[in-house]
Amino acid sequence: MTRGRSSYHREVAATNRESILDAATQLFMESGYDRTPLARVAERAKVSTATLFKQFPTKAELFEATVLAAGISPGPESIEIPAGGFCDGLVALGGDYAELLTRPHMVALMRTVIAESPKFPELRERTFDFGTLPVLEALGRYVRESHRAGTAHIDDPDLVSAQFLGMIASAIFWPRFMHGTWSITEDEQSRVVEEAARTIAARYATS
Numbered sequence: 011m012t013r014g015r016s017s018y019h020r021e022v023a024a025t026n027r028e029s030i031l032d033a034a035t036q037l038f039m040e041s042g043y044d045r046t047p048l049a050r051v052a053e054r055a056k057v058s059t060a061t062l063f064k065q066f067p068t069k070a071e072l073f074e075a076t077v078l079a080a081g082i083s084p085g086p087e088s089i090e091i092p093a094g095g096f097c098d099g100l101v102a103l104g105g106d107y108a109e110l111l112t113r114p115h116m117v118a119l120m121r122t123v124i125a126e127s128p129k130f131p132e133l134r135e136r137t138f139d140f141g142t143l144p145v146l147e148a149l150g151r152y153v154r155e156s157h158r159a160g161t162a163h164i165d166d167p168d169l170v171s172a173q174f175l176g177m178i179a180s181a182i183f184w185p186r187f188m189h190g191t192w193s194i195t196e197d198e199q200s201r202v203v204e205e206a207a208r209t210i211a212a213r214y215a216t217s
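Heads up, the sequence shown stops at 217 in the working numbering, and the numbers go up one at a time, no gaps.
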């Protein structure tokens, strides 16, 4: 009986968390960080304020969770890396990163982070650790494993990862961030990823 109740409570908690994050994401995008009271989030999520505070003691923690939730992608273990070589693996991971950047809420949430964090100490003090996103963890591990396997010579894996992701983001994310009407086709997006992968492979892959 205890085990059954425990399972039930975990399911309820997970459902409540999802409802809270969905409601918070909508409200943060509609009203911004400052004008989104936690009581309003609880009301829209159809949970009590006590339930909300149990999962997210502060608004900064809730906001951070909405940003990170928008970037949730398949875990590193579920990302299949092609066996064709260093460049092929980069293309696969770069494609996952591009998909993350083009998700509907990503631009709006990042605009809120940039606009609101200078005004609120609690946001500045929170660490938005985007490096914990599964696709970025997978990329870091792939670069290190490629170096150990001898398929690439990489002295600074973090720098190489940043270079690769930067080339993709500069062509796919930031133009959309700056110009709301800007768009990119799937074929253009794939070409961006492939060219970035080829550039990194030309510099770091071993023959």
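Quick reminder that beta carbons are idealized off the backbone N, C-alpha and C, glycines included.
Keep in mind the model is a prediction, meaning the values are calculated, not measured.
DSSP beta-bridge partners of residue 162: Position 152 of the sequence shown, counted from the first residue, corresponds to residue 162. 215.
Of the residues 50, 155, 107 and 56, the one placed nearest residue 95, counting alpha carbons only: What you label residue 95 is simply residue 85 of the sequence shown in a count that begins at 1. Selected option, being the one with the closest Cα: 155.
Distance between residue 162 and residue 109 (C-alpha atoms, nearest Å): Counting from one through the sequence shown, the residue named residue 109 turns up at place 99. Counting from one through the sequence shown, the residue named residue 162 turns up at place 152. Rounded to the nearest angstrom, the two C-alpha atoms are 25 Å apart.
Nearest-angstrom Cα separation, counted from residue 119 out to residue 59: In the sequence shown, the residue the question calls residue 59 occupies position 49. In the sequence shown, the residue the question calls residue 119 occupies position 109. Distance between the alpha carbons of residue 59 and residue 119 is about 23 Å.
C-beta contact flag for residue 31 and residue 70 at 9 Å: Numbered from 1 along the sequence shown, position 21 holds the residue referred to as residue 31. Numbered from 1 along the sequence shown, position 60 holds the residue referred to as residue 70. No.
Secondary structure, beta strand (DSSP E): runs of 3+ residues fully inside the stretch 55-124: none
Nearest to residue 180 (by Cα), restricted to the options 123, 52, 102 and 199: For the purposes of this step, residue 180 is taken as residue 170 along the sequence shown, with counting starting at 1. When only C-alpha atoms are compared, the closest one is 199.
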